Amino acid sequence: MDCQRLDVAKDCIGILSKQFPGSARVGRLEALLFEAKGDWAEAERAYALILETNPFDQIVHKRKIAIAKAQGDMSLAVDYLNKYLELYKQAAFCYEELILAQPTIPLYHLAYAEVLYTLGGLENLQTAKKYYASTIQLTGGKNTRALFGVCLCSAAISQLTKGRNKEEESSELQSLAAEALMKDYKRRAPSMEALVAGMLKNMKLS
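Take the sequence shown: its letter number 66 is residue 80 in the working numbering, and every next letter is one higher.
Written out as structure tokens, the structure reads:
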């Protein structure tokens, strides 16, 4: 489809449909083919069928937003986006319950932090940063994703506050996270060290 060989794409999807009947992944490919042809109505119908089986399919929700934007219907795109974000609010509640039930599992802390980071907003970002930090603590500082999370939250919070209410403890945390990331990449992926250093510099964290 990326090469605009829609005839080839159709044949390939047909083969996949026979081999994996009822597959949601194949269903998404069929809907993408309708999108590539500009057949928005059929694409919408195909995505609606998938959502009947799995209302929480993130990829499908994103594609519905993309279809609305492609048709220039920004109000519908915003409506779809709001519905999509509601899924994250529900997910946040679920992870809160999991953390209450099993507070020492770092995966729950990390997942909750990422949901809050996705939702955005100052309060969510500040809370996300705390849960990224708790993930780091629970894993003995060995979770690269959580280290990146602290750095990304710090940069986003800085943008929102424009330097106001800068906490010394928070500043120390982001510096330690950036330092730990550099050490990790130097040890495990030295070829990526300069790239990570540049990224942290752009975020003003190194």
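No residue lacks a Cβ here, since even glycine has one placed at the ideal position from N, Cα and C.
None of these values were measured; they are calculated from a predicted model.
Starting from P120, trace the alpha helix (DSSP H) in both directions and tell me its first and last residue.
Mapped onto the sequence shown, residue 120 falls at position 106. Element bounds for P120: P120 to L133.
Looking only at C-alpha atoms, which of A147, Y199 and A194 sits nearest to E207?
By one-based count along the sequence shown, residue 207 stands at place 193. With distances taken between Cα atoms, E207 lies closest to Y199.
Measure the CB-CB distance between I64 and G41 and report whether it falls below 7 Å.
The sequence position of residue 64 within the sequence shown is 50, counting from 1. The sequence position of residue 41 within the sequence shown is 27, counting from 1. Yes, they are a contact pair.
Measuring CB to CB, does Y122 end up less than 7 Å from L112?
As a working mapping, residue 122 is identified with position 108 in the sequence shown. As a working mapping, residue 112 is identified with position 98 in the sequence shown. Contact flag set, yes.
Would DSSP call D21 helix, strand or coil?
Along the sequence shown, one-based indexing puts residue 21 at 7. Note: D21 maps to helix in three-state DSSP.
State whether the segment 20-37 contacts the segment 52-63, with contact taken as three or more CB pairs (one from each stretch) at a distance under 8 Å.
no
Could you check how far apart the C-beta atoms of I38 and T67 are, in whole angstroms? I think they sit under 8 Å.
Indexing the sequence shown from 1 puts residue 38 at position 24. Indexing the sequence shown from 1 puts residue 67 at position 53. Strictly speaking, residue 38 in this sequence is Ala, with Ile absent from that position. Between T67 and A38 the Cβ distance is about 7 Å, and since that is below 8 Å, they are a contact.
With three or more C-beta pairs closer than 8 Å as the rule, is the segment 124-133 touching the segment 80-97?
no
Using a Cβ-Cβ cut-off of 8 Å (strictly less than) and excluding sequence neighbours within five positions of V92, which residues of its own chain qualify?
Within the sequence shown, numbered from 1, the residue matching residue 92 stands at position 78. Excluding residues within five positions, none has a Cβ falling inside 8 Å.
Using 10 angstroms around the beta-carbon of V22, count the other beta-carbons present and answer buried if the total reaches 16, otherwise exposed.
One-based indexing of the sequence shown puts residue 22 at position 8. So V22 ends up on the exposed side.
With 16 other CB atoms within 10 Å as the buried threshold, where does G163 fall?
The residue labelled residue 163 in the question sits at position 149 within the sequence shown. Buried is the call here.
Identify every run of the alpha helix (DSSP H) within the segment 75-126, keeping only runs that are complete inside it and at least 4 residues long; order them along the chain.
88-115
What residue from D53, T141, I171 and R159 has the CA that sits closest to Q85's CA?
Against the sequence shown, residue 85 aligns to sequence position 71. For the residues D53, T141, I171 and R159, the minimum Cα distance to Q85 belongs to D53.
K32 in three-state terms, based on DSSP
The residue you call residue 32 lines up with position 18 of the sequence shown. Three-state DSSP puts K32 in a helix.
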